[in-house]
Amino acid sequence: MTRYGAPFAVAVLVAASVATGDQEVEVDTLEAAGLGSTKLSTLTELLPRPLPTKLTAAEIVEFTRRVKNLALFDSVKVETQGRVLHVTVSRKASISPIVDFSSGKTLKDSKVTLGAVENDIDGRGTRLGGKASYNQRGLNFSLWVNQHPYGPRRWMNEAEIYYTGSSFRFDPSTANKWHRNRFGGFLEFLSPFLYGHRLRYEVQAEVYRETYTGVGDGSLVPRPGTYLGVLSEVIWDAYTWNDLTPNGLRLSLELRPGVFVGAAQPRHAIKAAAVAALKLGAQTALVGSAVASGVNGGNPNHSVLIGSQAGVRGLADSLYRAERVGYVNVELRHALSLGKRWYLQGVLFTDAARFQTMDANGERMPWINALSTGAGLRILPTALVDTLFRFDVARLHAPERTWFYQFGITQYI
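Going by the working numbering, the letters in the sequence shown line up with residues -14 to 398, in that order.
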C-alpha cells in the first residue's frame, strides 16, 4: 500500500462542496495506508455503493465519519486523486486489555473489571471480548462478539452470554436484603445504516434465569423465574467519535417488552437517551448526555439502578432501585499534548438527576433530586481503544452534602 503525499491529493473536505453535497467525483478504486490487519474490503463496504461509482462530497464526508467511528484509528484522512479514493489512517493497538476501575461511594461499591477485547478479530471491525468484574457488590462475567454498526448494505449482529450478580439493600432500618443472580444471553440484529439517512434500527431477543441467595432474616423472599423479552431500538446517529473532540448528536429510543415466567410478571422497560458533543477548538469540546428511563413497577428486582457509577458522581451506589429515572451529565474538556499520541485532559462537569425509587415491596417512594459539580483530569493514550486514566473530584449538593473522589479507566460519558 502506498502513502500519497499532499502535493498530489485533492482534499474532499471543501466547505462549499459539503454544504451543497451535489458535487460528484468518479471513483473506480479505493487505496489505503496504515490499515494494519484491517482488510481493505472493510472500508469499501462502508461506501454507499460498490465501486466503481460516483460519490458526492457529502457522501465522502459521511464515509470519513464512518471510518472514524470504527474507533480503530486515532487519525483518518480521506482524499481523492483522479479516480482513486485514498484513505490514510493511524491504527490503534488491535488487542486491548479491559482493566477498568471506578471507585464508588464506599469500597464495597467500587467497580473492578479485568478482561480483554480483540477489536478487529476478522479484519472487518468485529470485536471479540470477555471480562470478569466486581460490580453492584457482586461478581459478573460476560463473553461477546459484536460486528460494527456502520455497514450501509447489510445487516450486522451482536451476541453475548453473561452472568450478573447484584446485591439489594434498602432502608437501613429494615432487614430486607438479598443477592440477585442472573445467567442469560441475547442475540441482536442491526439494520443497514443507509447513506442519506440518520436512522438505524436494532432488534434483540434476550433470555435469562433469575435466582436469589443471601436473603436476610425477615426479608421478603423473591420468587425465581425465567425472563423472556425482546428489544426494539431506533437510533438517530449524527455523532462523530474522536478521542479528544467528539462532535455531533446521537439519539435513541429503546423499548423492552418482556415477561418473567414462573412468577407471571410483566417486565417492560423504556429508555430514551441522547449524547451530544460540540467541538470548540482543536483539543476542546463540550460533551453531554441525557437519559430518561422507566419500568413497570411493583418489583425492585425489575428496576433502574442509579448511583455514582452511572448517573450522579457522589450518589450512593447499589442502593437506589428506581421505577423512573432521569439524569443529565455535562463535561467541558480541554486537552494538552504530552507527546506523540499522549494527552492530559482537564474536565469541568455537572451531573443532575431526578428519580423515584421503590421499597422492598415494590411500592413507590417519594421523588429524589440529586446534583453534583466537580472537576477532573484524564491521561489519554490515543493509541489504545477506549482506554484512559481518569480522576474526578465531585461535590454532591443533593440529596446530601458530601465530597466524592472517583478513579476510572474510561470516560464517564
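Yeah, the Cβ is synthetic: ideal placement off N, Cα and C, and Gly gets one too.
Would you kindly report the start and end of the unbroken beta strand (DSSP E) that includes residue i?
i: Glu191; result: Leu184 to Thr198
i: Thr372; result: Neither: Thr372 is in no beta strand (DSSP E) and is coded neither H nor E.
i: Ile364; result: Arg349 to Pro366
i: His319; result: Tyr305 to Gly324
i: Gly169; result: Lys162 to Leu175
i: Asp336; result: Trp327 to Met343
i: Tyr180; result: Looking at the DSSP string, Tyr180 is not in any beta strand (DSSP E), and its letter there is neither H nor E.
i: Ala144; result: Met141 to Arg154
i: Thr41; result: Thr38 to Thr41
i: Ala249; result: From DSSP, Ala249 is part of no beta strand (DSSP E); its letter is neither H nor E.
i: Asp222; result: Gly210 to Thr225
i: Gln391; result: Thr387 to Gly393
i: Arg398; result: Checking the sequence, you will find Ile at residue 398 rather than Arg. Segment: none, Ile398 is in no beta strand (DSSP E) and carries neither H nor E.
Do residue j and residue i have their beta-carbon atoms positioned less than 9 Å apart in this structure?
i: Arg194; j: Phe171; result: no
i: Tyr390; j: Ser88; result: yes
i: Val310; j: Thr335; result: no
i: Leu362; j: Gly331; result: yes
i: Arg318; j: Leu373; result: no
i: Gly199; j: Arg298; result: no
i: Pro33; j: Tyr180; result: yes
i: Ala259; j: Ser278; result: no
i: Gln121; j: Asp302; result: yes
i: Ala355; j: Ala338; result: yes
i: Lys400; j: Leu300; result: Any property of residue 400 remains undetermined from this structure, which presents the chain solely from -14 to 398.
i: Leu175; j: Met141; result: yes
i: Thr143; j: Trp129; result: Contrary to the premise, residue 143 reads as Glu rather than Thr in this sequence. Yes; because the gap between Cβ atoms is below 9 Å, this pair is in contact.
Can you give me the start and stop residues for the alpha helix (DSSP H) that residue i sits inside?
i: Leu28; result: Leu25 to Thr29
i: Lys77; result: Counting along the chain, Lys77 falls outside any alpha helix (DSSP H), and DSSP gives it neither H nor E.
With a threshold of 7 Å on Cβ separation, who are the neighbours of residue i within its own chain once the five nearest residues in sequence on each side are excluded?
i: Gly233; result: Ala223, Tyr224, Thr225 and Ala262
i: Thr49; result: Val61 and Val63
i: Asn104; result: Leu57, Ser79, Ser81, Arg112 and Val370
i: Gly6; result: Because Gly6 carries a pLDDT of 45, less than 50, the predicted location of this residue cannot be relied on, and no value is offered for it.
i: Glu308; result: Gly279, Val280, Gly282, Ser288, Gln341, Met343 and Arg349
i: Leu323; result: Leu329
i: Asn284; result: Gln250 and Gly347
i: Gln294; result: Ser87, Gly89, Lys96 and Asp302
i: Asp228; result: Asp59, Leu365 and Thr367
i: Pro384; result: Ile353, Asn354 and Ala355
My assumption, with CB atoms under 8 Å, is that residue i sits in contact with residue j. Please give the rounded CB distance.
i: Leu28; j: Val72; result: 6 Å
i: Gly150; j: Asn125; result: 6 Å
i: Val69; j: Thr14; result: 5 Å
i: Leu329; j: Ala320; result: 7 Å
i: Gly292; j: Tyr305; result: 6 Å
i: Gly114; j: Ile83; result: 7 Å
i: Pro177; j: Arg235; result: The Cβ separation is near 18 Å, so there is no contact.
i: Thr395; j: Asp85; result: 6 Å
i: Ile255; j: Ser237; result: Between Ser237 and Ile255 the Cβ distance is about 11 Å, and since that is not below 8 Å, they are no contact.
For residue i, which residues from the same chain have a beta carbon less than 8 Å from its beta carbon, with the 5 sequence-adjacent residues on both sides left out?
i: Gly247; result: Arg208, Pro209, Gly210 and Thr211
i: Val244; result: Tyr212, Leu213, Gly214, Gln250, Pro251 and Arg252
i: Val3; result: Residue placement at Val3 is flagged as unreliable, the pLDDT there being 41, under the threshold of 50; the coordinate-derived value follows with that caveat. Closer than 8 Å at Cβ, skipping near neighbours: Ala42, Ala43 and Val46.
i: Lys39; result: Glu9, Val10, Glu11 and Val12
i: Ala17; result: Met(-14), Leu25, Leu28, His71, Val72, Thr73 and Val74
i: Pro37; result: Glu11, Val12, Asp13, Thr14 and Arg68
i: Ile398; result: Val260, Val272, Gly273, Ser274, Asn314 and Glu316
i: Ile106; result: Arg112, Leu113 and Val130
So, for residue i: in the same chain, excluding its five sequence neighbours on each side, which residues have a beta-carbon less than 6 Å away from its beta-carbon?
i: Gly393; result: Ser87 and Arg375
i: Ser217; result: Val188 and Leu240
i: Leu20; result: none
i: Ser118; result: Thr98 and Asn125
i: Ala267; result: none
i: Val52; result: Val61
i: Pro366; result: Trp327
i: Gly108; result: Ser22, Thr23 and Lys24
i: Thr196; result: Asn166 and Pro209
i: Arg154; result: Lys162
i: Val192; result: Gly169 and Leu213
i: Gly110; result: Thr27, Leu55 and His133
i: Thr230; result: Lys264 and Ala270
Mind checking if residue i is an interface residue toward chain B, Cβ cutoff 9 Å exclusive?
i: Thr372; result: No chain B is part of this structure, which consists of one protein chain only.
- prompt: What are the uninterrupted segments assigned as beta strand (DSSP E) that are 3 or more residues long and contained completely in the stretch 51 to 92, given in chain order?
  reply: Here the runs fully enclosed are 58 to 66, 69 to 76 and 80 to 87.
- prompt: Where are the beta strand (DSSP E) runs, 3 residues long or more, that stay fully inside the stretch 271 to 298, in chain order?
  reply: Fully enclosed beta strand (DSSP E) runs of 3 or longer: 289 to 291.
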